Amino acid sequence: MHTIREQIDVDRSPDDVYAYATDPAHLPDWQLSALHAEPLDEGPLHPGSRVRVTRRVGSREMPMTMEVTEYQPPHSWRVQGIDGPVRAFFHGEIEPLDGGRRSRVTMELDFVGHGIGKALVPLVVRPQIRKELPRNEQQLKEQVERMAA
301 MHTIREQIDV DRSPDDVYAY ATDPAHLPDW QLSALHAEPL DEGPLHPGSR VRVTRRVGSR
361 EMPMTMEVTE YQPPHSWRVQ GIDGPVRAFF HGEIEPLDGG RRSRVTMELD FVGHGIGKAL
421 VPLVVRPQIR KELPRNEQQL KEQVERMAA
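When we follow the working numbering, the leftmost residue of the sequence shown carries the number 301, and every step to the right adds one.
Structure representation (structure tokens):
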């Protein structure tokens, strides 16, 4: 695996950043490839929760189901793809800075291809994500910092 890792500091508390970043309704607001996201289970997110996300991969729209495998507010979360030709493995971590007034966000992402996804991962997905992940983090920072304190 070739994990892609990015980090950014956000001028908001870990609680604020975590709540925003892990809310499926906000994914299209800060993840450039996310077109739509909807929880498939009732209630708050927890390990085992599933979210259906439709993403633009190259010129294609690809629906995929993501499962929450770790949920530790406001510190870390993990999700992994459980279907489709391209399956992501994501880990997010939030570290408090300045006594908890600010946050350092670290995101790690990797992929496994199945079927046609074996060709898509190295040719399309990895290059797209290497460009997109830093922009996603910047967009997350801007969105969270705009929220009313």
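C-beta: ideal position from N, C-alpha, C; glycine also. Predicted model, so just to flag it, every value in this text is computed and none were measured.
Going by DSSP, residue 325 is part of no beta strand (DSSP E) at all; its letter is neither H nor E. Shown here for residue 308: same chain residues with a beta carbon closer than 6 angstroms to its own, the five before and five after excluded, namely 405, 437 and 441 in chain order. Considering only 341, 425 and 335, the residue with the shortest C-alpha distance to residue 410 is 425. Excluding sequence positions up to five before and after residue 382, its CB lies within less than 6 angstroms of the CB of 365 and 367, all in the same chain and listed in chain order.
In the DSSP assignment, residue 332 falls outside any alpha helix (DSSP H), carrying neither H nor E. Excluding the 5 residues flanking it on each side, residue 359 has no same chain C-beta neighbour closer than 8 angstroms. For residue 427, the uninterrupted alpha helix (DSSP H) segment begins and ends at 426-446.
Excluding sequence positions up to five before and after residue 373, its CB lies within less than 6 angstroms of the CB of 318, all in the same chain and listed in chain order.
As computed with DSSP, residue 397 is found in a beta bridge with 402. Note that the C-beta distance between residue 361 and residue 347 is not below 8 angstroms. Just so you know, the alpha carbons of residue 305 and residue 342 end up roughly 31 angstroms apart.
For the set 340, 417 and 390, the Cα lying nearest the Cα of residue 350 is the one of 340. Cβ neighbours of residue 322 within its own chain (closer than 7 angstroms, five residues either side excluded): 345 and 377.
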